[in-house]
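Trainee:
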Amino acid sequence: MASFKVRKTYQEINEKIKKGNVVVVNAEEMIDIVEEKGAVKAAQEIDVVTTGTFGAMCSSGALLNVGHTTPKMKISRAKLNGVPAYCGLAAVDIYIGASELPDEDPRNTVYPGEFRYGGAHVIQDLLLGKPVVMEAWAYGTDCYPRKYIKKDLVLHELRNAILLNPRNAYQNYNCAVNSTSRTIYTYMGTLKPHFGNATYSTAGQISPLMNDPYFRTIGVGTRIFLGGTQGYVAFYGTQHTSDVPRMPNGIPTEGAGTLCVIGDLKQMDARWVVAASIQGYGVSMYVGIGVPIPILNEEMARFTAVKDADIVTQIIDYGSDYPQAINRSLGTVTYRDLKNGMIRLNGKEVPVTPMASYPRALEISNILKEEIRKGRFYLGEPQATLTQLTTGERV
Amino acid sequence: MIKKRMVLRFSKKTWNQPIVYRLVKEFDLAFNILKASVFPKEASLMVLEISGEEAEFDRGMAYLESHGVIYEPLEANIKKDEDRCVHCGACASVCPTGALAIQRPEMYVTFDTGKCSGCELCVKACPPRVITATLSSRV
Chain D
1 MASFKVRKTY QEINEKIKKG NVVVVNAEEM IDIVEEKGAV KAAQEIDVVT
51 TGTFGAMCSS GALLNVGHTT PKMKISRAKL NGVPAYCGLA AVDIYIGASE
101 LPDEDPRNTV YPGEFRYGGA HVIQDLLLGK PVVMEAWAYG TDCYPRKYIK
151 KDLVLHELRN AILLNPRNAY QNYNCAVNST SRTIYTYMGT LKPHFGNATY
201 STAGQISPLM NDPYFRTIGV GTRIFLGGTQ GYVAFYGTQH TSDVPRMPNG
251 IPTEGAGTLC VIGDLKQMDA RWVVAASIQG YGVSMYVGIG VPIPILNEEM
301 ARFTAVKDAD IVTQIIDYGS DYPQAINRSL GTVTYRDLKN GMIRLNGKEV
351 PVTPMASYPR ALEISNILKE EIRKGRFYLG EPQATLTQLT TGERV
Chain A
1001 MIKKRMVLRF SKKTWNQPIV YRLVKEFDLA FNILKASVFP KEASLMVLEI
1051 SGEEAEFDRG MAYLESHGVI YEPLEANIKK DEDRCVHCGA CASVCPTGAL
1101 AIQRPEMYVT FDTGKCSGCE LCVKACPPRV ITATLSSRV
């Protein structure tokens, strides 16, 4: 282990939270602090840096235990407001995926499709306290004889409702453009022909995994802000990798890390879990996530001081390369340029707009900051960091 | 001089009369067509940016009214629900006039109705669907 001038433990920081003398700043504020004071002094003074992200995260969904009826039923097929839920679990456990669509949805038959209602809207309706109509079918067994039911589900009446998102909070993400001669409709938004515009989707310098690029402090059991309440990192997310090209500051120059997160849907707030209808693409869900980064040493202070100018991503052509799985970058851009709203590509100026909400991400980092300061949110020490999970390093 | 963006709705009966021309001829109003949906013998809609002397503008509107044209400012026909807007920016990428724009560096999505042409591209581009337009639906 590297020798650090500053050394703090999770326990020490949690003790400070308990006493009410913890020093917490958000990831935006940390930039100037480290610039002015240097990493060592910053690490001595700052205990926690809060991050946030708020973007469309398709790989999300809710695990619901809808409770037993009389007679009992082993649900084998279910629809919530017409949206199919996965039922290949125990009798009354169902999983509603955020991107699932009703069978009757016209999809892209009328192009570009509108995708007005899907799994994310079901989750949103539940959060808004609206009754959701469940229709369920079963083949009937001796122990579970019932074969059909139609009833209203209301969130607070459900036995359990758990948000369980297999892949959220991508560490870095592509900047999308379109080389073709027609407008295309993608999960990165509407892309105009002949490189008419570019989009990107991250909170950049305040995004959780940008502030701990090697996952030194994030892992199984890390307590996080999830959808307006306290949730947890359950594991690494699907497609997670740390084996990527990195800049000298540790920032991956492409995709890389992801989080699988879990939390109690009943405690969440519809402000932080919002259904998204992405024209021509499908349904997705905006999820608000915030991760507190403990400043255990000066290295963590340095990591959390990362700024948009020091983060790059790849410009990817969603018109031809991406759909054909051609792994080609048209160029590298910094998030400073992306946020400024203009990039240069092939000598041409291309206007840029985001797909993820920086204001909401910043709001999350500030909520988390206040919660920690007020002693309502303690750090969760990971049982295994994401790095330990993926490298087989002994925990 | 004033300049206003107006939505004009014409009934089935007046589609074949040169009503907008009278705005120029009688009231010295200049107009720029931002949107027009005009079909023979059907109710029609035009979105115009009208400029001229304020008194003449008012007289022009009274003239429209007397000929059965329903007029409203454009901003009454297109609204962004600020409480539900998540400020993602998806609308700003499709807005051709810059009415929906990103306020930097805070990155809020702002809506300047004065720049809106009523094209309605934003309505379906907005993922949480917080922009409502009643232009086409009320023709």
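So the sequences go chain by chain: D and A. Numbering-wise, our numbering puts 371 at position 371 of the first sequence, and it's gapless, one number per residue. Offset between the second sequence (1-based) and our numbering: plus 1000. We treat Cβ as the ideally placed atom computed from N, Cα and C, and that holds for glycine.
Comparing the C-beta of E1106/A with each C-beta of chain D, is any distance below 8 Å?
Mentor: Here residue 1106/A refers to the residue found at position 106 when the second sequence is read from its first residue. Closer than 8 Å to some Cβ of chain D, the Cβ of E1106/A qualifies, so yes.
Trainee: Look at the alpha carbon of A161/D and the alpha carbon of F1039/A, and state the distance between them as a whole number of angstroms.
Mentor: Residue mapping note: residue 161/D aligns to position 161 of the first sequence, counting from 1. Residue mapping note: residue 1039/A aligns to position 39 of the second sequence, counting from 1. Taking the CA atoms as reference points, A161/D sits about 53 Å from F1039/A.
Trainee: Please list the segments of the beta strand (DSSP E) lying wholly inside the stretch 262 to 322 of chain D, counting only runs of 3 or more residues, in order along the chain.
Mentor: 273 to 278, 282 to 290, 292 to 294 and 312 to 317
Trainee: Please compile the residues from chain A whose C-beta is within a distance smaller than 9 Å of the C-beta of R344/D.
Mentor: Residue numbering aside, residue 344/D sits at position 344 when the first sequence is read from its first letter. Result: empty, since nearest Cβ-Cβ is about 18 Å, beyond 9 Å.
Trainee: Taking 8 Å as the cut-off, decide whether the C-beta atoms of K8/D and I224/D are in contact.
Mentor: Residue 8/D sits at position 8 when you count from the first residue of the first sequence. Residue 224/D sits at position 224 when you count from the first residue of the first sequence. For K8/D and I224/D, no; Cβs fall outside 8 Å.
Trainee: Under the rule that 16 or more other beta-carbon atoms within 10 Å means buried, what is R344/D, buried or exposed?
Mentor: Residue mapping note: residue 344/D aligns to position 344 of the first sequence, counting from 1. Burial call: exposed.
Trainee: Which residues of the stretch 1085 to 1096 of chain A have a Cβ closer than 7 Å to any Cβ of chain D? Give them in chain order.
Mentor: Residues V1086, H1087, C1088, G1089, A1090, A1092, S1093 and V1094.
Trainee: Quick check on R1005/A: buried or exposed, where buried means 16 or more other Cβ atoms within 10 Å of its Cβ?
Mentor: One-based indexing of the second sequence puts residue 1005/A at position 5. Classification for R1005/A: buried.
Trainee: Using 8 Å as the limit for Cβ to Cβ distance, is P354/D near chain A?
Mentor: Position 354 of the first sequence, counting from 1, holds the residue named residue 354/D. Residue contact check for P354/D against chain A: a CB pair falls below 8 Å.
Trainee: Measure how close the beta-carbons of I254/D and N172/D come, nearest whole angstrom, since I'm counting them as under 8 Å.
Mentor: Along the first sequence, read from residue 1 onward, the residue named residue 254/D stands at position 254. Along the first sequence, read from residue 1 onward, the residue named residue 172/D stands at position 172. Residue identity differs from the one stated: residue 254/D is Glu in this sequence, not Ile. With 8 Å as the limit, E254/D and N172/D qualify as a contact, their Cβ atoms being about 6 Å apart.
Trainee: Tell me where the beta strand (DSSP E) around S1093/A begins and ends.
Mentor: Locating residue 1093/A in the second sequence gives position 93, counting from the first residue. Looking at the DSSP string, S1093/A is not in any beta strand (DSSP E); the run it does join, the alpha helix (DSSP H), is A1090 to V1094.
Trainee: Can you list, in chain order, the residues of its chain whose CB lies under 8 Å from that of G1118/A, leaving out five sequence neighbours each side?
Mentor: Translated into positions along the second sequence, residue 1118/A becomes position 118. In chain order, R1005, V1007, L1034, K1035, V1047, L1074, N1077, I1078, A1133 and L1135 place their CB closer than 8 Å to the CB of G1118/A, counting only its own chain and leaving out the 5 sequence neighbours on each side.
Trainee: Can you tell me which of G55/D, I289/D and N26/D puts its alpha carbon nearest to the alpha carbon of T229/D?
Mentor: The residue given as residue 229/D occupies position 229 in the first sequence. It is I289/D.
Trainee: Residue range of the beta strand (DSSP E) that P354/D falls in?
Mentor: For the purposes of this step, residue 354/D is taken as the residue at position 354 of the first sequence. P354/D: member of the beta strand (DSSP E) spanning K348 to P354, first to last residue.
Trainee: Which residues mark the beginning and the end of the beta strand (DSSP E) in which K150/D is found?
Mentor: Numbered from its first residue, the first sequence carries residue 150/D at position 150. Where K150/D is concerned, the enclosing beta strand (DSSP E) stretches over Y148 to L153.
Trainee: Would you tell me roughly how many angstroms separate the C-alpha atoms of T334/D and N340/D, rounded to the nearest one?
Mentor: Taking the first residue of the first sequence as position 1, residue 334/D is located at position 334. Taking the first residue of the first sequence as position 1, residue 340/D is located at position 340. Cα to Cα, the separation comes out at about 10 Å.
Trainee: Anything in chain A within Cβ reach of A305/D, meaning under 8 Å, just list it in chain order.
Mentor: Within the first sequence, numbered from 1, the residue matching residue 305/D stands at position 305. Within chain A, no residue comes near A305/D; the closest Cβ sits about 18 Å away, beyond 8 Å.
Trainee: Let me make sure I understand the geometry here. Which of F195/D, P354/D, D321/D and G237/D has the alpha-carbon closest to that of F215/D?
Mentor: Residue 215/D sits at position 215 when you count from the first residue of the first sequence. Ranking F195/D, P354/D, D321/D and G237/D by Cα distance to F215/D puts G237/D first.
Trainee: Is S59/D helix, strand or coil by DSSP?
Mentor: Within the first sequence, residue 59/D is the residue found at index 59, counting from 1. DSSP places S59/D in coil when its eight states are reduced to three.
Trainee: Taking the beta strand (DSSP E) that D142/D falls in, what are its first and last residues?
Mentor: By 1-based counting over the first sequence, the position of residue 142/D is 142. No beta strand (DSSP E) holds D142/D; DSSP gives it neither H nor E.
Trainee: According to a CB-to-CB cut-off of less than 9 Å, which residues of the stretch 1115 to 1131 of chain A neighbour chain D?
Mentor: Those would be L1121, K1124, A1125, C1126, P1127, P1128 and R1129, in chain order.
Trainee: Measure from the C-beta of I1050/A to each C-beta in chain D and report whether the shortest distance is under 8 Å.
Mentor: Working through the second sequence from its first residue, we reach residue 1050/A at position 50. Taking Cβ atoms only, chain D never reaches closer than 8 Å to I1050/A, which makes this a no.
Trainee: Taking contact to mean 3 or more Cβ pairs, one atom from each stretch, closer than 8 Å, check whether the stretch 69 to 76 of chain D and the stretch 131 to 145 of chain D are in contact.
Mentor: yes
Trainee: Which same chain residues, not among the five before or five after V23/D, have their C-beta less than 7 Å away from its C-beta?
Mentor: Taking the first residue of the first sequence as 1, we reach residue 23/D at position 23. Cβ neighbours of V23/D beyond the five flanking positions: E45, I46 and D47.
Trainee: For the stretch 273 to 294 of chain D, enumerate the residues whose C-beta is nearer than 8 Å to any C-beta of chain A, in chain order.
Mentor: In summary, the residues of the stretch 273 to 294 of chain D whose CB is separated from some CB of chain A by less than 8 Å are V274, A275, A276, S277, I278, Q279, S284 and Y286, in the order they occur in the chain.
Trainee: Could you pull out every residue in the same chain whose Cβ sits closer than 8 Å to the Cβ of V40/D, ignoring the five residues on either side in sequence?
Mentor: Along the first sequence, read from residue 1 onward, the residue named residue 40/D stands at position 40. Cβ within range, chain order: K5, V6, E298 and A301.
Trainee: At the level of alpha carbons, what is the spacing between I94/D and N65/D?
Mentor: Locating residue 94/D in the first sequence gives position 94, where the first residue counts as 1. Locating residue 65/D in the first sequence gives position 65, where the first residue counts as 1. Straight-line Cα distance between these residues: approximately 6 Å.
Trainee: Please confirm if the stretch 344 to 363 of chain D is in contact with the stretch 186 to 201 of chain D, defined as three or more CB-CB distances below 8 Å between the two stretches.
Mentor: yes
Trainee: Less than 8 Å between CB atoms is the rule here; does I1002/A satisfy it with respect to chain D?
Mentor: One-based indexing of the second sequence puts residue 1002/A at position 2. Output row for I1002/A: interface = no.
Trainee: Can you have a look at Q314/D and say buried or exposed, based on whether 16 or more other CB atoms are within 10 angstroms of its CB?
Mentor: Numbered from its first residue, the first sequence carries residue 314/D at position 314. Buried, because 16 or more other Cβ atoms sit within 10 Å of the Cβ of Q314/D.
Trainee: In three-state DSSP terms, what is I1102/A?
Mentor: Counted from its first residue, the second sequence places residue 1102/A at position 102. Three-state DSSP puts I1102/A in a strand.
Trainee: When DSSP builds the beta bridges, which residues end up paired with R336/D?
Mentor: Walking along the first sequence from the start, residue 336/D turns up at place 336. Answer is none; R336/D lacks a bridge partner.
Trainee: Helix, strand or coil for I1070/A, going by three-state DSSP, please let me know.
Mentor: Walking along the second sequence from the start, residue 1070/A turns up at place 70. I1070/A: strand per DSSP, three-state reduction.
Trainee: Below 8 Å on C-beta distance, what does I1102/A contact in chain D?
Mentor: One-based indexing of the second sequence puts residue 1102/A at position 102. Near I1102/A (Cβ distances below 8 Å), the residues of chain D are G341, T353 and P354.
Trainee: Mapping DSSP to helix, strand and coil, what is A91/D?
Mentor: Numbered from its first residue, the first sequence carries residue 91/D at position 91. In the structure shown, A91/D sits in coil (DSSP, three-state: anything other than H, G, I, E or B).
Trainee: Are the beta-carbon atoms of R360/D and V1109/A separated by less than 8 Å?
Mentor: Working through the first sequence from its first residue, we reach residue 360/D at position 360. Working through the second sequence from its first residue, we reach residue 1109/A at position 109. Not in contact: R360/D and V1109/A (Cβ atoms no closer than 8 Å).
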